[in-house]
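Going letter by letter, the sequence shown gives residues 31 to 169 in the numbering used here. Data first, discussion second: the structure below is written as structure tokens.
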Amino acid sequence: GQIVFPATQNASSNANTLDDYEEGTWTPSLVSTGATWSGGGATGGYTKIGRFVFCDFQFGNRTLSGTTSNTVSLQGLPFSASGQVSGTIYFMHNVPGDPTINVDSGSSAELRSSADGTHLTAAAFPTGCYAYGFLHYYI
Numbered sequence: 031g032q033i034v035f036p037a038t039q040n041a042s043s044n045a046n047t048l049d050d051y052e053e054g055t056w057t058p059s060l061v062s063t064g065a066t067w068s069g070g071g072a073t074g075g076y077t078k079i080g081r082f083v084f085c086d087f088q089f090g091n092r093t094l095s096g097t098t099s100n101t102v103s104l105q106g107l108p109f110s111a112s113g114q115v116s117g118t119i120y121f122m123h124n125v126p127g128d129p130t131i132n133v134d135s136g137s138s139a140e141l142r143s144s145a146d147g148t149h150l151t152a153a154a155f156p157t158g159c160y161a162y163g164f165l166h167y168y169i
């Protein structure tokens, strides 16, 4: 069988009724004071089920210029987070500490090393870097 959702949400007061499902795309961006990425591409997709959002993203072959020593964040999440975000980033080059994604609320996420919790800097996304990741959070 199939589950079909209406184009416009028909909210239910019954906690056991699945009444909100959405799929879409988003444009992730890396932001770091003094740094700029150009070229390549940045794409993302998401699935929202009720208050829970699953996202994926990728950055490909971008050119980094400017200051690389400041912290970097992932911005443009498709929905503003009301609770902690968690996720993982995978790089096509060596970045020590298996980077993770953290945010308490809002539409941007901190990128940290899971080894010691330090913030990643723009240098983690050098020219020619390919990176992809996944995250999930509540809205």
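All C-beta atoms in this analysis are idealised placements derived from N, C-alpha and C, irrespective of residue type, glycine included.
Which residues share a DSSP beta bridge with residue i?
i    : result
T55  : G75
N132 : S116, E140
D86  : G75, F164
S62  : DSSP lists no partner for S62.
T47  : Bridge partners of T47: none, in fact.
E68  : The sequence shown places Ser at residue 68, rather than the Glu named in the question. S68 pairs with T93.
T151 : T101
Do residue j and residue i count as a contact pair if the criterion is CB distance below 8 Å?
i    : j    : result
G106 : W67  : no
P129 : S116 : no
A139 : V102 : no
T98  : T157 : no
Report the residue from the options whose alpha carbon sits nearest the alpha carbon of residue i.
i    : options              : result
F84  : Y51, G70, T63        : Y51
T118 : A161, S59, S62       : A161
L150 : L141, T157, T47      : L141
F109 : D49, G147, F82       : F82
F89  : F35, L104, T77       : L104
A45  : L165, I169, G80, T97 : G80
A41  : L60, F35, D49        : D49
S137 : A154, C159, V61      : V61
I131 : C159, T38, F87       : F87
Y76  : E53, V34, G163       : E53
A72  : S59, G64, A65, K78   : S59
message: To test your reading of the DSSP string, which unbroken beta strand (DSSP E) runs of 3 or more residues are found completely within the segment 91 to 121?
response: 93 to 96, 103 to 105, 115 to 121
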